[in-house]
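Residues in the sequence shown are numbered from 13 upward in steps of one, following the numbering used here. Report on the structure given below.
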Amino acid sequence: MKFHKALRAFSFFFNGLVLLGSIVIAAVLLTGRPVTVNYDLLPLAKQQIAYGLLALAAAGAVIMLAASRGKAQILYAVWSLLVLLLLVRFFFFSDYGYVPDSGDFSAALWIVLAAIIAAWGASLRRTSTR
Numbered sequence: 013m014k015f016h017k018a019l020r021a022f023s024f025f026f027n028g029l030v031l032l033g034s035i036v037i038a039a040v041l042l043t044g045r046p047v048t049v050n051y052d053l054l055p056l057a058k059q060q061i062a063y064g065l066l067a068l069a070a071a072g073a074v075i076m077l078a079a080s081r082g083k084a085q086i087l088y089a090v091w092s093l094l095v096l097l098l099l100v101r102f103f104f105f106s107d108y109g110y111v112p113d114s115g116d117f118s119a120a121l122w123i124v125l126a127a128i129i130a131a132w133g134a135s136l137r138r139t140s141t142r
């Protein structure tokens, strides 16, 4: 039972970091010049990425809040799976490049592994303790 709680807590922690990262990157994109950052996480046009990230963060925050209160458990699992799919798409199926011997590829693998664990934790049902 403790393992389930730890996985669930990790899932909330990881998805919370994704939300905060989305907000920070959107703020950088909105305050900087259009050529400041090349960020291809979402399949949107360059001008729409910041607003897409903000919408993603808002939707994720609402879903996480509902899931933390015991509601929308299936939606939270779907949300975590969406985050995993977006990260896999970004790191392995986009123009993202890896510099040899820099550790970028291993960092990407660790992030994707963390997303897999977070999706696993999100898929676990919240159990009530009596």
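All C-beta atoms in this analysis are idealised placements derived from N, C-alpha and C, irrespective of residue type, glycine included.
Between the region 93 to 102 and the region 123 to 131, the count of Cβ pairs shorter than 8 Å is three or higher; the stretches touch. Excluding five sequence positions before and after L31, the CB atoms of its chain that fall closer than 7 Å to its own CB belong to A69, G72, A73, given in chain order. With respect to F24, S114 sits apart: the two C-beta atoms are not nearer than 8 Å.
A distance below 6 Å between beta-carbons, with the five flanking residues on each side excluded, links F117 to the following residues of its chain, in chain order: Y110.
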